[in-house]
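Trainee: Convert by adding 541 to the 1-based position in the sequence shown; the result is the number in our numbering.
The beta carbon of each residue, even a glycine, is placed where N, CA and C say it ideally should be.
Bear in mind the structure is a predicted one, so any value in this text is a computation, not a measurement.
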Amino acid sequence: MARSTDPAIRAPKAAAAPHGVAFILKKSFISALVALVLFSLMIGVRTEAGPEGQLIYWTRFGDLAAIVAAVFFGSIIVELLRQWIGPSKGVSFIPESANGTIATLRRFFAPALLVFAALVPVIFYDQRYILDLGILVLTYVMLGWGLNIVVGLAGLLDLGYVAFYAVGAYSYALLATTFDLSFWVCLPLAGILAAFWGVLLGFPVLRLRGDYLAIVTLAFGEIIRLILLNWQYVTGGPNGITGIPRPSFFGIPLTNTDDGLAARLGIEFSTTHRVVFLFYLILALALLTNWVTIRLRRLPIGRAWEALREDEVACRSLGINTTTTKLTAFATGAMFGGFAGAFFATRQGFISPESFTFHESALVLAIVVLGGMGSQLGVALAALAMIGGFELFRGLEQFRMLVFGSAMVLLMIWRPRGLIGHRAPSVFLEPSEISSAVAKEGHG
């Protein structure tokens, strides 16, 4: 049989052939050169302000050379492993017999995680650090679920979500300190005021999308922060608001008094009681956010959000009011951000504009993206990994941001849609059979 000379036939074989040594070295050299440019000023030269204000610097060329060499040889190893493993060609490494077991574990993973969260105050009752960390994680879980409505379901990139967080916190602080209202009265009011500001943000950005929408929402977050910083007569300016009342157990204070909760229950008073109460309070608020989001996804407004996320032009062609759809997404997400802000204010007892910077918006957005836009479980796992991960690397202060950034890059490479990517629509239209008598020529 004669050999085929058709280039189209030889192309797949050539593409499948492994690259030579020259290609691997060239690719590794380019990677090392990029690392040298990126880290030359970050690691190679260290600068600080001297005791008299002058600039002093010193070099760390040894550390820079070690990092560049690690990148060079790491690129060689990665390329060799890639050629050794080869393309996956859709082959799964998980045997077919284990798919049923994995599906069962996925089904019970979320309830098991919820049960563990409910038992955290019981298991770690004497460990205040774990309880405080759990409260912080649950706060970011609630913020992530609130932003997931705007970004994950409606597909609107919001970089100013911290503004609603700040509106909720300051609304509760001002109402509680000025009018002496309880937490349970101020909580819904803070959510309503945050939703109102969400509608105000939604009107100017109705015709914007993508990067332009992100820039406007980023500006909105900065405007709110600057107002809180400069309107000193109302917000206290950079000094913030102090003396914010603590929440009560439906009117029963958690204090060491005769009318306190411990005295009424006949148990010994402990400061841990308030921490446990705050833990269950933020857990209930987070679960409320999750339940409302899941319910809304199954309603027409939730399906309109998903249609808007997939294609706005097609959404309009179907007769969906995109104005109402965007405004409801902003208002709903802002409302839950306001709830979280009210809880933050009552937990801290003190708030200031420094707590509501762009870093908070970026962190919540990273939680939503890394967890998987539209995935409730993925957002919870991402919040646990990111907030808890910072605490694990707290001892490595100089390297924890490098480790954290590297983990994010690797996750975006191997899981570009997040830990648990979920963009499946809530409703599927099943195709129906059409009778041949209706479909024949002249009748349809």
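Suppose contacts are defined by Cβ-Cβ distances below 8 Å. Is V872 in contact with A755 by that definition?
Mentor: Looking up residue 872 in the sequence shown gives position 331. Looking up residue 755 in the sequence shown gives position 214. Looking at the sequence provided, one finds Ala at residue 872 rather than Val. Contact: no.
Trainee: Under 8 Å, with one C-beta from each stretch per pair, do the segment 667-686 and the segment 848-868 reach the 3-pair mark?
Mentor: no
Trainee: For L605, collect the residues of the same chain with a Cβ closer than 7 Å to its Cβ; drop the 5 residues on either side in sequence, then sort them by chain order.
Mentor: Position 64 of the sequence shown, counted from the first residue, corresponds to residue 605. Counting only residues of its own chain and dropping the five nearest sequence neighbours on each side, L605 has a CB closer than 7 Å to the CB of F580, S581, I584, G585.
Trainee: Return the Cβ separation of L960 and A923 in integer angstroms, given the expectation that the two are a contact with Cβ distance under 8 Å.
Mentor: For this step, residue 960 is matched to residue 419 along the sequence shown. For this step, residue 923 is matched to residue 382 along the sequence shown. Yes, L960 and A923 are in contact; Cβ-Cβ is about 6 Å, under 8 Å.
Trainee: In the structure shown, what three-state DSSP assignment does W725 receive?
Mentor: For the purposes of this step, residue 725 is taken as the residue at position 184 of the sequence shown. In the structure shown, W725 sits in a helix (DSSP, three-state: H, G or I).
Trainee: Taking the runs of the alpha helix (DSSP H) that are 4 residues or longer, which of them lie wholly in the segment 711-780?
Mentor: 724-743, 752-771, 773-776
Trainee: By the DSSP assignment, the beta strand (DSSP E) with A695 in it spans what residues?
Mentor: Counting from one through the sequence shown, the residue named residue 695 turns up at place 154. It is not in any beta strand (DSSP E) - A695 carries neither H nor E in the DSSP assignment.
Trainee: Where does Y666 fall in DSSP's three states?
Mentor: Residue mapping note: residue 666 aligns to position 125 of the sequence shown, counting from 1. Reduced to three states, the DSSP call for Y666 is coil.
Trainee: If you run the structure through DSSP and keep just helix, strand and coil, what is R838?
Mentor: Working through the sequence shown from its first residue, we reach residue 838 at position 297. Residue state, collapsed to three classes: helix.
Trainee: Do G874 and G739 have their C-beta atoms closer together than 8 Å?
Mentor: For the purposes of this step, residue 874 is taken as the residue at position 333 of the sequence shown. For the purposes of this step, residue 739 is taken as the residue at position 198 of the sequence shown. Cβ distance < 8 Å, so G874 and G739 count as in contact.
Trainee: Would you please state the rounded distance, in angstroms, between the beta carbons of V775 and E901? I believe it to be under 8 Å.
Mentor: The sequence position of residue 775 within the sequence shown is 234, counting from 1. The sequence position of residue 901 within the sequence shown is 360, counting from 1. Contact flag wrong, Cβ pair sits at about 21 Å.
Trainee: Excluding sequence positions up to five away, which residues of its chain have a Cβ less than 6 Å from the Cβ of G890?
Mentor: Position 349 of the sequence shown, counted from the start, is the residue given in the question as residue 890. Cβ within range, chain order: I785.
Trainee: For T813, which three-state DSSP category applies?
Mentor: Sequence index remark: in the sequence shown, residue 813 carries index 272 (1-based). If DSSP states are grouped into helix, strand and coil, T813 belongs with the helices.
Trainee: Cβ atoms of G732 and G913: under 8 Å apart, would you say?
Mentor: To locate residue 913, count along the sequence shown from 1; it is residue 372. To locate residue 732, count along the sequence shown from 1; it is residue 191. The Cβ atoms of G913 and G732 lie no closer than 8 Å to each other.
Trainee: Could you give the first and the last residue of the continuous alpha helix (DSSP H) run that contains E589?
Mentor: Here residue 589 is taken as the residue at index 48 of the sequence shown, counted from 1. Unbroken run through E589 is the beta strand (DSSP E), 586-590; no alpha helix (DSSP H).
Trainee: Measuring CB to CB, does P652 end up less than 8 Å from F724?
Mentor: Taking the first residue of the sequence shown as 1, we reach residue 652 at position 111. Taking the first residue of the sequence shown as 1, we reach residue 724 at position 183. Taking 8 Å as the Cβ cut-off, P652 and F724 do not qualify as a contacting pair.
Trainee: Could you check whether the segment 755-773 touches the segment 691-703, counting it as contact only if at least three pairs of C-beta atoms, one from each stretch, sit closer than 8 Å?
Mentor: yes
Trainee: Taking DSSP as the reference, what is the three-state secondary structure of L859?
Mentor: Within the sequence shown, the letter at position 318 stands for residue 859. If DSSP states are grouped into helix, strand and coil, L859 belongs with coil.
Trainee: Can you give the Cα-Cα distance for A804 and Y670, rounded to whole angstroms?
Mentor: Start at 1 with the first residue of the sequence shown, and residue 804 comes out as number 263. Start at 1 with the first residue of the sequence shown, and residue 670 comes out as number 129. Their Cα atoms are separated by approximately 26 Å.
Trainee: Let's test the definition: count the other Cβ atoms within 10 Å of the Cβ of R888 and tell me whether it reaches 16, buried, or not, exposed.
Mentor: For the purposes of this step, residue 888 is taken as residue 347 along the sequence shown, with counting starting at 1. Buried: at least 16 other Cβ atoms inside 10 Å.
Trainee: Alpha helix (DSSP H) containing I597: first to last residue?
Mentor: Position 56 of the sequence shown, counted from the first residue, corresponds to residue 597. I597 -> not in any alpha helix (DSSP H); beta strand (DSSP E) instead, spanning 596-600.
Trainee: What does F790 pair with, by DSSP beta-bridge criteria?
Mentor: Numbered from 1 along the sequence shown, position 249 holds the residue referred to as residue 790. According to DSSP, which records beta bridges pairwise, F790 is partnered with I793.
Trainee: Report yes if the C-beta distance between L688 and R838 is below 8 Å; otherwise report no.
Mentor: Looking up residue 688 in the sequence shown gives position 147. Looking up residue 838 in the sequence shown gives position 297. No, the Cβ-Cβ distance between L688 and R838 is not below 8 Å.
Trainee: Bridge partners for I782 per DSSP, in chain order?
Mentor: Stepping through the sequence shown from its first residue, residue 782 is reached at position 241. Per DSSP, I892.
Trainee: Would you mind sorting S947 into buried or exposed? The rule is 16 or more other CB atoms within 10 Å of its CB.
Mentor: Taking the sequence shown and counting its residues from 1, one reaches residue 947 at position 406. Exposed, by the Cβ-count rule.
Trainee: Would a C-beta distance cut-off of 8 Å place F820 and V661 closer than the cut-off?
Mentor: Position 279 of the sequence shown, counted from the start, is the residue given in the question as residue 820. Position 120 of the sequence shown, counted from the start, is the residue given in the question as residue 661. In contact: F820 and V661 (Cβ atoms closer than 8 Å).
Trainee: Less than 8 Å separating the beta-carbons of G781 and I892?
Mentor: Position 240 of the sequence shown holds residue 781. Position 351 of the sequence shown holds residue 892. Pairing G781 with I892 gives a Cβ-Cβ distance under 8 Å.
Trainee: Once DSSP output is grouped into helix, strand and coil, what is the label at R958?
Mentor: Residue numbering aside, residue 958 sits at position 417 when the sequence shown is read from its first letter. In this structure, DSSP gives R958 a state outside helix and strand, which the three-state scheme calls coil.
Trainee: V932 by DSSP, collapsed to three states: which one?
Mentor: Within the sequence shown, residue 932 is the residue found at index 391, counting from 1. Checking the sequence, you will find Glu at residue 932 rather than Val. Three-state DSSP puts E932 in a helix.
Trainee: Whole angstroms is fine: what's the gap from I928's alpha carbon to V619's?
Mentor: Numbered from its first residue, the sequence shown carries residue 928 at position 387. Numbered from its first residue, the sequence shown carries residue 619 at position 78. So the alpha carbons of these two residues sit roughly 30 Å apart.
Trainee: Pick from V578, Q595, T600: whose alpha carbon is nearest that of V612?
Mentor: Locating residue 612 in the sequence shown gives position 71, where the first residue counts as 1. The shortest C-alpha separation from V612 is found at V578.
Trainee: Which of helix, strand or coil does DSSP assign to V578?
Mentor: As a working note, residue 578 is residue 37 in the sequence shown. DSSP places V578 in the helix class (H, G or I) of the three-state scheme.
Trainee: Taking Cβ to Cβ, would you say I676 is nearer than 8 Å to I823?
Mentor: Here residue 676 refers to the residue found at position 135 when the sequence shown is read from its first residue. Here residue 823 refers to the residue found at position 282 when the sequence shown is read from its first residue. Their beta carbons are under 8 Å apart, which means I676 touches I823 by this criterion.
Trainee: Beta-carbon within less than 7 Å of S909's beta-carbon, same chain only, minus the 5 sequence neighbours each way: which residues are those?
Mentor: Reading the sequence shown from its first residue, position 368 is the one you call residue 909. First, the amino acid is wrong: residue 909 is Val here, not Ser. The residues are G685, L688, N689, V692, G693, V920.
Trainee: Do P779 and L1002 come within 8 Å of each other at the CB atom, strictly closer than that value?
Mentor: Because residue 1002 is not part of the residues shown, which for the chain are 542 to 985, the question remains open.
Trainee: The alpha helix (DSSP H) with I529 in it runs from where to where?
Mentor: In this structure the chain extends from 542 to 985, so residue 529 is not present and cannot be described.
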